[in-house]
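Trainee:
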Amino acid sequence: MKFMEVIADLLFPPRCTFCKKLLKRGESGICSVCINSLPYNTWTKAPKIEFIEDFVAPLKYEGSVRDALLRYKFKGVTVYARTFAKLVAKSVSEELKGKYDIISWVPLSSERLRQRGYDQAMLIAMACALELDDVAVETLKKCRDTDPQSGKGEISARRANISGAYEVADAELIAGKRILLIDDVVTTGATVSECARMLKLGGAEAVLCAAVAYSGN
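Residue numbers (this note's numbering): 510 to 726.
(1) Taking a contact to mean a Cβ-Cβ separation below 7 Å, would you say E502 touches K595 in this structure?
(2) Ordered along the chain, which non-local residues of its own chain (more than five positions away) have a Cβ less than 6 Å from that of A636?
(3) Considering Cα atoms alone, identify which of A630, W552, I691 is closest to V716.
(4) If you scan the segment 603-650 from start to end, which runs of the alpha helix (DSSP H) of 4 or more residues do you find wholly inside it?
(5) Is DSSP giving F527 helix, strand or coil here?
(6) With a cut-off of 8 Å, do at least 3 Cβ pairs link the segment 702-719 to the segment 668-682?
(7) Mark G698 as exposed unless 16 or more other C-beta atoms lie within 10 angstroms of its C-beta, in which case mark it buried.
(8) Compare the beta carbon distance of V694 and V597 with 7 Å and say whether it is the shorter of the two.
(9) Here's the rule I'm using: 16 or more other beta-carbon atoms within 10 Å means buried, otherwise exposed. How should T648 be labelled?
Here you go:
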């Protein structure tokens, strides 16, 4: 460990992403208690999402997972991206290896990016790509701001809210490629479905999705 990293750990001891307790020596991002007790998804068949060929999400969106993702997304705790990325990368390497050509993410609008100061899905995607010895590249732009999807109950309302909000960033880049989209949370799948629809219209061969957590049934 580098000297400055040692000093940083002394001044700001690393804590578990989920329970926020101090980490012990040898623990990284997640304490030994949480790593054995997190609400992992154990489905034998991934939930079906329109326009998405395959989907993985290591965790259920509940309890300490939900709390951690909310801190990450709205409280600026960007250091969590690395922990989330490791979990996602493990699922991707186990279940989606060889199925994709490009790693990308579900982007924020420029307005939301200015408000938040960072794109939470992009940070996870980039850290995930590093874990997989790959790179993450921009494939989509969010061309208009939308109301938060969390405020829309029915999937039809979510689809209407997000319809036409995305555009392909570089059609030549995605032509004939299989795209792996990274997001923080998937609920009904309306957002990633719209992203996948636009990517396919833009020439992508297939779209897969990986998220930190899934809040569906």
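All C-beta atoms, glycine included, are put in the ideal place defined by N, C-alpha and C.
Given the structure is predicted, the values throughout are model-derived calculations rather than measurements.
Mentor: In brief:
(1) A query on residue 502 cannot be resolved here, the shown segment of the chain reaching from 510 to 726 and no further.
(2) A590, R591, A594
(3) I691
(4) 619-625, 629-640
(5) coil
(6) yes
(7) buried
(8) no
(9) buried
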